[in-house]
Amino acid sequence: MLERILDKAVKIGASYADARYQCHDYELVTVENKALKSYSSRRLSGLGVRVAIKEGVGYASTSDLTPNCLEKTLDNAFKAAKSIRGKEQAFKEARINEADVKLSIKTDPVDVPPEEKVSIALDANKAAWISDKINSAVTVLGLSKDFRLFKSSEGADVGVETAQTGLMHDSVARVNGVMERAPYSESMCAGFEFIKSKDWNSFTADLSKLAVEAASSKTPPPGTYPVVVDPEVVGLLLHEAFGHASEGDLVSTGESVLHNKVDIQLASEVVTIIDEGVVERGYFCPFDDEGIKKEKTVIVENGLLKSYIHNRDSASQFGAESTGNGRAQNFENIPIVRQTNYYMQPKDHEFEELIEGIDFGICVRGKGMTGGEVEVGMGTFTFGVGPSKVIRNGELAETVRGVVISGLILETLKTVDAVGKDFELRTNVFGGCGKSGQTVPVGFGGPHVRVRQMTVGGR
Amino acid sequence: MELAELAVKKALSMNATEAETYIQKTNTVRVEFANEIENFKTVESLGMSLRVALGKKIAMYSTSILDESEIGEAAAKAVKIARVAPEDPHWKHMNKRFGKAPVEGYCDGTLETLDYREIVETLLSAMNLMKSYDKRVKPTRGILTISTSNISMANNYNEGCERKETNIEVWMRTKAEEAGMESTGNEHQEARFWREMRFEDLAVKAAEKAVKFLEAKPISSRKTSAIIRNQIFANILGVLLSGPINADWVQKGRSPLSNKLGTRIAQENISVVDDGTIRGCWRTKPFDDEGHPTQKTPVLEDGILKNYLYDTYTALKDNVESTGNAQRPYYWMNPQPLPNNLILKIGGASPEEIIRETKRGIFIEETIGEWLSNPVSGNLNATISHGYLVEKGELTKPIKGAVVSADFYELLKDGIEIIGNDLRNSERNYSPTVKITQLTIAGKD
Numbered sequence: 001m002l003e004r005i006l007d008k009a010v011k012i013g014a015s016y017a018d019a020r021y022q023c024h025d026y027e028l029v030t031v032e033n034k035a036l037k038s039y040s041s042r043r044l045s046g047l048g049v050r051v052a053i054k055e056g057v058g059y060a061s062t063s064d065l066t067p068n069c070l071e072k073t074l075d076n077a078f079k080a081a082k083s084i085r086g087k088e089q090a091f092k093e094a095r096i097n098e099a100d101v102k103l104s105i106k107t108d109p110v111d112v113p114p115e116e117k118v119s120i121a122l123d124a125n126k127a128a129w130i131s132d133k134i135n136s137a138v139t140v141l142g143l144s145k146d147f148r149l150f151k152s153s154e155g156a157d158v159g160v161e162t163a164q165t166g167l168m169h170d171s172v173a174r175v176n177g178v179m180e181r182a183p184y185s186e187s188m189c190a191g192f193e194f195i196k197s198k199d200w201n202s203f204t205a206d207l208s209k210l211a212v213e214a215a216s217s218k219t220p221p222p223g224t225y226p227v228v229v230d231p232e233v234v235g236l237l238l239h240e241a242f243g244h245a246s247e248g249d250l251v252s253t254g255e256s257v258l259h260n261k262v263d264i265q266l267a268s269e270v271v272t273i274i275d276e277g278v279v280e281r282g283y284f285c286p287f288d289d290e291g292i293k294k295e296k297t298v299i300v301e302n303g304l305l306k307s308y309i310h311n312r313d314s315a316s317q318f319g320a321e322s323t324g325n326g327r328a329q330n331f332e333n334i335p336i337v338r339q340t341n342y343y344m345q346p347k348d349h350e351f352e353e354l355i356e357g358i359d360f361g362i363c364v365r366g367k368g369m370t371g372g373e374v375e376v377g378m379g380t381f382t383f384g385v386g387p388s389k390v391i392r393n394g395e396l397a398e399t400v401r402g403v404v405i406s407g408l409i410l411e412t413l414k415t416v417d418a419v420g421k422d423f424e425l426r427t428n429v430f431g432g433c434g435k436s437g438q439t440v441p442v443g444f445g446g447p448h449v450r451v452r453q454m455t456v457g458g459r
Numbered sequence: 460m461e462l463a464e465l466a467v468k469k470a471l472s473m474n475a476t477e478a479e480t481y482i483q484k485t486n487t488v489r490v491e492f493a494n495e496i497e498n499f500k501t502v503e504s505l506g507m508s509l510r511v512a513l514g515k516k517i518a519m520y521s522t523s524i525l526d527e528s529e530i531g532e533a534a535a536k537a538v539k540i541a542r543v544a545p546e547d548p549h550w551k552h553m554n555k556r557f558g559k560a561p562v563e564g565y566c567d568g569t570l571e572t573l574d575y576r577e578i579v580e581t582l583l584s585a586m587n588l589m590k591s592y593d594k595r596v597k598p599t600r601g602i603l604t605i606s607t608s609n610i611s612m613a614n615n616y617n618e619g620c621e622r623k624e625t626n627i628e629v630w631m632r633t634k635a636e637e638a639g640m641e642s643t644g645n646e647h648q649e650a651r652f653w654r655e656m657r658f659e660d661l662a663v664k665a666a667e668k669a670v671k672f673l674e675a676k677p678i679s680s681r682k683t684s685a686i687i688r689n690q691i692f693a694n695i696l697g698v699l700l701s702g703p704i705n706a707d708w709v710q711k712g713r714s715p716l717s718n719k720l721g722t723r724i725a726q727e728n729i730s731v732v733d734d735g736t737i738r739g740c741w742r743t744k745p746f747d748d749e750g751h752p753t754q755k756t757p758v759l760e761d762g763i764l765k766n767y768l769y770d771t772y773t774a775l776k777d778n779v780e781s782t783g784n785a786q787r788p789y790y791w792m793n794p795q796p797l798p799n800n801l802i803l804k805i806g807g808a809s810p811e812e813i814i815r816e817t818k819r820g821i822f823i824e825e826t827i828g829e830w831l832s833n834p835v836s837g838n839l840n841a842t843i844s845h846g847y848l849v850e851k852g853e854l855t856k857p858i859k860g861a862v863v864s865a866d867f868y869e870l871l872k873d874g875i876e877i878i879g880n881d882l883r884n885s886e887r888n889y890s891p892t893v894k895i896t897q898l899t900i901a902g903k904d
């Protein structure tokens with residue numbers, strides 16, 4: 001099917017064409033307040049085709065795979081290419097790959113009987129009701145299986161199959177009229193064996209304890225403090241505030257704060273940042289959606305910016321190689337420059353050493369965090385983190401809730417003065433990273449990190 | 460339509476006691492642009508979800524493959540899942556009342572003949588306005604999305620129903636650079652009709668904003684009066700109120716507004732309605748995503764909490780009629796109550812008058828991260844990416860990077876000093892500019 005479309009595209013004038021087929025299964029089992037709220041299962045399948053002609057590059061997709069509709073889709077791609085009058089897109093020469101890669105899993109999550117999934121989610125939800133302070137609890141079991149096939153008029157032929165499973169939970173607690181929540185999830189690129197390997201009942205009970213603790217605690221006084229950031233927040237902060245800015249398409253338009261900054265010292269010397277396609281506990285991304293192999297890309301080395309990440313189009317604009325970062329949410333989308341597993345490399349400090357010199361500060365934690373947003377143009381970030389700990393006289397003290405951290409990423413990275421030796425990386429079957437209306441699964445992480453100054457909001 | 464009814468029949472033939480289909484067919488044209496048109500794509504997407512009940516056991520299966528054999532398989536899979544689902548003691552039945560509210564203005568027929576070249580020309584002229592505004596400015600990112608959706612529904616209680624709707628949204632950003640200083644300017648608009656799009660106004664405003672903010676400086680922490688621009692307050696309203704007035708949140712004990720119907724939760728000049736019937740609004744439509752007619756529902760009337768928003772399931776649980784707020788954010792999701800168009804009633808003052816009446820304070824032009832606010836605790840948080848100092852009734856210095864923290868319910872009770880008359884939307888949320896008496900700002904100290 002793909003070959004036929006590509007042949008036809010070339011015959012009617014495309015200088016380059018690629019076609020992507022995908023079949024994606026996704027299931028969510030949602031339990032709310034001890035009752036099954038929904039069991040939703042879906043299959044998404046279809047094809048997208050991209051053509052390059054001298055006027056431009058056009059893209060069209062369809063989930064209707066009847067021959068008529070495929071013809072129409074190819075027409076639409078040509079029509080889009082003809083009307084674009086835009087920049088010339090180039091497909092930077094790259095190694096043409098032929099591969100068929102499958103994540104090795106033990107139990108196919110789609111085949112596990114529905115009753116087993118329901119009972120795991122129900123039990124985990126019931127375990128969250130640890131006291132009458134818990135007002136509401138939601139548990140979601142999620143799984144995904146994704147097959148993608150990429151072929152191009154250049155002869156590339158790359159198939160990747162992966163699976164992901166996980167569990168997400170959110171408890172809401174009320175203490176003396178104050179309500180707080182603690183949403184958190186754990187996922188892995190794996191089959192159902194990951195779900196079976198964990199004690200989810202204590203996972204949800206712990207989150208309930210955290211929600212109660214948060215609701216019983218105060219918000220921190222707003223101001224600027226030294227902060228120790230945990231691996232999850234480090235990962236998310238880097239991904240959002242620095243990772244996006246290192247994406248070649250955002251750099252080439254001048255939108256990114258990292259524009260024209262290669263080989264410049266952007267962070268303190270202890271900071272090294274990597275984007276890598278296959279990392280333990282990360283998202284499994286051996287090839288991108290342009291059939292390019294995703295290997296290890298060093299973005300920042302000892303504080304110096306070394307490289308951006310690229311798809312074939314942005315690579316050609318920089319005279320660089322594609323780093324295998326052309327990714328699309330699904331067949332309905334064009335591959336754009338996206339991160340894979342983005343993380344800070346660990347160094348040499350124990351956690352105790354990170355907090356010992358701080359008279360008053362905050363140890364910022366990711367568990368229970370609500371999310372973040374960044375303006376890449378300026379590198380301004382803001383994150384609502386989870387219940388965190390005050391650091392007083394070099395020791396962890398009381399819990400604080402409603403903590404929001406904010407700053408300018410380039411200033412923040414310069415004030416990183418110590419990096420821990422621990423390391424954690426996470427991925428998430430329930431969501432991913434959004435850019436230009438596309439969400440893709442990613443991984444992120446790092447060690448504990450000390451930042452000399454960070455603006456903290458609260459009430 | 461035939462497919463929707465066919466799926467219902469198949470499920471019933473497999474012993475489902477109830478079945479409901481929702482089919483969505485969407486054509487999307489999406490153009491990304493920066494200094495040039497970056498890419499142009501068209502997407503035809505199909506999707507069907509089938510919800511079945513076996514007594515009080517419910518399940519849902521969705522697929523993007525819409526042929527007869529897959530529909531049979533979908534029905535079989537949905538019934539299979541329902542069989543093992545535990546009973547939901549609150550389940551009564553699916554929506555028995557299909558119907559259409561007399562609503563117009565939610566589908567732009569001209570889009571069918573809108574030429575791709577006209578779309579490109581329109582964007583190019585907006586981009587040229589940004590470039591020619593000032594040589595320090597260039598467009599750095601923009602996305603235009605034009606979508607036309609055909610939605611059809613059927614269940615075992617009703618004849619099928621169909622609606623066709625259009626949505627157009629554009630977002631654009633510019634960057635200004637001068638002597639090592641950088642700044643950005645963003646604008647966005649969401650509308651039902653192509654002719655309502657103000658590409659050129661947005662372009663000029665985005666360029667103007669970037670230039671003005673070249674000089675922006677952080678400010679120190681303070682408590683100050685604050686004027687919040689209409690679209691920003693619309694976002695805040697959406698983030699902090701949509702959940703708490705959702706009947707599902709109320710029933711699940713997640714809403715801080717539980718047990719507060721008929722009581723005062725806001726000062727007298729505050730009224731909020733949810734209205735799915737106003738011509739041309741972002742989520743206006745004759746019936747919701749369960750086929751139930753939409754309506755105008757007072758949420759806050761002169762400060763008194765009047766209603767929660769319901770879909771069929773939550774309405775039956777409370778023994779009331781659905782308010783026509785069932786929505787499926789995506790076709791594969793279960794319907795849930797969400798606002799149609801959430802609207803804060805305007806006051807009398809123009810934004811210029813509000814500024815003139817402010818001796819000292821700040822004007823909040825843009826924020827990021829307001830969606831991180833916590834609707835469960837009412838904790839409002841946002842980072843000001845673009846703001847101004849207000850001094851002696853005028854906008855003076857541009858400011859950036861300060862964090863706003865407040866208790867949303869305290870603001871509603873006695874914190875809102877003036878409500879403007881300049882209603883504008885950010886997607887489904889509509890608000891005028893408002894002035895807050897006192898807001899806590901964490902800045903750079």
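Protein sequence lines correspond, in order, to chains A and B.
Note that the working numbering has the first sequence beginning at 1, numbered continuously upward.
Note that the working numbering has the second sequence beginning at 460, numbered continuously upward.
C-beta atoms are modelled at their ideal positions from N, C-alpha and C, and glycine is treated no differently.
Query - Residues of the stretch 209 to 229 of chain A with Cβ closer than 7 Å to any Cβ of chain B, in chain order - result: Under the 7 Å Cβ criterion, the stretch 209 to 229 of chain A contributes Pro-222, Gly-223, Thr-224.
Report task. Determine which residues of the stretch 469 to 501 of chain B have a Cβ less than 7 Å from any Cβ of chain A, and write them out in chain order. Result -> So the list reads Glu-491, Ala-493, Asn-494, Glu-495, Ile-496, Glu-497, Asn-498, Phe-499, Lys-500, Thr-501, given in the order they occur along the chain.
Report task. Might you give, ordered along the chain, the residues of its own chain that have their beta carbon closer than 7 Å to the beta carbon of A:Asp-100, omitting 5 neighbours on each side? Result -> Setting aside the 5 residues that flank it on each side, A:Asp-100 is surrounded in the same chain by Gly-159, each with a C-beta closer than 7 Å to its C-beta; the list follows chain order.
Report task. Please confirm if the stretch 629 to 638 of chain B is in contact with the stretch 594 to 603 of chain B, defined as three or more CB-CB distances below 8 Å between the two stretches. Result -> The stretch 594 to 603 of chain B and the stretch 629 to 638 of chain B touch, with three or more beta-carbon pairs separated by less than 8 Å.
Requested in this report: Have a look at B:Pro-545, B:Val-732, B:Arg-887 and flag the residue whose alpha-carbon is nearest the alpha-carbon of A:Lys-461.
Outcome: Because residue 461 of chain A is not part of the residues shown, which for chain A are 1 to 459, the question remains open.
Query - Cβ-Cβ separation, A:Leu-305 to A:Asp-263 (assumed contact under 8 Å), whole Å - result: About 7 Å separates the Cβ atoms of A:Asp-263 and A:Leu-305, confirming a contact at the 8 Å cut-off.
**Report entry** Pick from A:Ser-388, A:Cys-189, A:His-244 that is closest to A:Ala-182, judged by C-alpha positions
**Finding:** For A:Ala-182, the nearest C-alpha among the options comes from A:Ser-388.
Query raised in the report: For A:Lys-414, does the three-state DSSP call read helix, strand or coil?
Result: Of the three classes helix, strand and coil, the one that applies to A:Lys-414 here is helix, per DSSP.
Report task. Report the residue ranges of all alpha helix (DSSP H) runs contained in full by the stretch 599 to 668 of chain B; include only those spanning at least 4 residues, in chain order. Result -> Within the stretch 599 to 668 of chain B, no run of alpha helix (DSSP H) reaches 4 residues while sitting entirely inside it.
Requested in this report: Report buried or exposed for B:Pro-548, applying the criterion of at least 16 other Cβ atoms within 10 angstroms of its Cβ.
Outcome: B:Pro-548 should be labelled exposed.
Query raised in the report: Mind listing which residues of the stretch 102 to 121 of chain A have their C-beta closer than 8 Å to chain B's C-betas, in chain order?
Result: Within the stretch 102 to 121 of chain A, the qualifying residues are Pro-113, Pro-114, Glu-115, Val-118.
**Report entry** Secondary structure of B:Gly-846, DSSP reduced to three states
**Finding:** B:Gly-846 falls in the strand class under three-state DSSP.
Report task. Let me know the secondary structure DSSP gives A:Gly-191 once reduced to three states. Result -> Note: A:Gly-191 maps to coil in three-state DSSP.
Query raised in the report: DSSP three-state call for B:His-751: helix, strand or coil?
Result: DSSP, read as helix, strand or coil, puts B:His-751 in coil.
Query raised in the report: What residues match up with A:Cys-23 in a beta bridge as DSSP calls it?
Result: For A:Cys-23, which the question treats as bridged, DSSP gives the partners A:Ser-45, A:Phe-147.
Query raised in the report: Within the 8 Å Cβ cut-off, does B:Lys-634 reach chain A?
Result: Chain A, which has a Cβ nearer than 8 Å to the Cβ of B:Lys-634, makes this yes.
Query raised in the report: A:Asn-76 CB to nearest chain B CB: under 8 Å?
Result: Yes, contact with chain B.
Report task. Just the C-alpha distance for B:Val-893 and A:Cys-433, rounded to the nearest angstrom, thanks. Result -> The alpha-carbon separation between B:Val-893 and A:Cys-433 amounts to approximately 33 Å.
Query raised in the report: Near B:Val-835, what residues of its chain come up, given a Cβ to Cβ distance below 7 Å and the 5 sequence neighbours on each side ignored?
Result: Hits under 7 Å: Arg-713, Pro-715.
Query raised in the report: Taking the C-alpha atoms as reference points, what is the distance between B:Leu-603 and B:Leu-588?
Result: Straight-line Cα distance between these residues: approximately 17 Å.
**Report entry** Same chain only: Cβ atoms within 8 Å of B:Glu-527, ignoring 5 sequence neighbours per side
**Finding:** Only residues of its own chain outside the window of five on either side were considered, and among them Leu-465 have a CB closer than 8 Å to the CB of B:Glu-527, listed in chain order.
Report task. Please name the residues in the stretch 787 to 808 of chain B whose beta-carbon is closer than 8 Å to at least one beta-carbon of chain A, in chain order. Result -> With the criterion set as a beta carbon lying under 8 Å from some beta carbon of chain A, the members of the stretch 787 to 808 of chain B are Trp-791, Met-792, Asn-793, in sequence order.
Report task. Report the neighbours of A:Leu-44 on chain B: residues whose CB is nearer than 7 Å to its CB, in chain order. Result -> Identification of chain B residues near A:Leu-44 by a Cβ-Cβ cut-off of 7 Å yields Ser-523, ordered along the chain.
Query - Test item: CB-CB of B:Arg-622 and B:Pro-752 under 8 Å - result: B:Arg-622 places its beta carbon 8 Å or farther from that of B:Pro-752.
Query raised in the report: What span of residues does the alpha helix (DSSP H) with A:Cys-69 cover, start to end?
Result: For A:Cys-69, the enclosing alpha helix (DSSP H) has its first and last residue at 67 to 83.
**Report entry** Contact between the stretch 327 to 335 of chain A and the stretch 345 to 359 of chain A (3+ Cβ pairs under 8 Å)
**Finding:** No: fewer than three Cβ pairs fall under 8 Å.
Query - Own chain residues within Cβ distance below 6 Å of B:Ile-805, not counting five before or after - result: Closer than 6 Å at Cβ, skipping near neighbours: Asn-880, Leu-882, Pro-891.
Query raised in the report: Would you say A:Ala-19 reaches chain B, if we count a Cβ-Cβ gap shorter than 8 Å as a contact?
Result: Residue contact with chain B for A:Ala-19: absent (no Cβ-Cβ distance below 8 Å to any residue of chain B).
Query raised in the report: How would you label B:Met-640, buried or exposed, when you count the other beta carbons within 10 angstroms and need 16 or more for buried?
Result: Flag for B:Met-640 reads exposed.
Query raised in the report: Is A:Asp-64 close to chain B, meaning its C-beta is less than 8 Å from at least one C-beta of that chain?
Result: Closer than 8 Å to some Cβ of chain B, the Cβ of A:Asp-64 qualifies, so yes.
Query - Cβ contact check for the stretch 168 to 185 of chain A and the stretch 414 to 421 of chain A: 3 or more pairs under 8 Å - result: Using a Cβ-Cβ distance cut-off of 8 Å, the stretch 168 to 185 of chain A and the stretch 414 to 421 of chain A are not in contact, since fewer than three pairs of beta carbons, one from each stretch, lie closer than that value.
**Report entry** Helix, strand or coil at B:Ile-578 [DSSP, three-state]
**Finding:** It is helical.
Query raised in the report: Which of the three DSSP states, helix, strand or coil, is assigned to A:Arg-459?
Result: Since pLDDT at A:Arg-459 reaches only 48, below the 50 mark, its modelled position is unreliable, and the value read off the structure follows with that caveat. The answer is coil: DSSP assigns A:Arg-459 none of H, G, I, E or B.
Query raised in the report: Which class does B:Gln-726 belong to by DSSP, given the choice of helix, strand or coil?
Result: Here DSSP, grouped into helix, strand and coil, assigns B:Gln-726 to coil.
Requested in this report: Would you check if the distance between the CB atom of A:Gly-460 and the CB atom of A:Val-227 is smaller than 8 Å?
Outcome: No information on residue 460 of chain A is available, as it lies outside the stretch 1 to 459 that chain A covers here.
Query - Proximal residues of chain C, C-beta to C-beta of A:Leu-36 below 7 Å - result: Looking for chain C here will not work: the only protein chains present are A and B.
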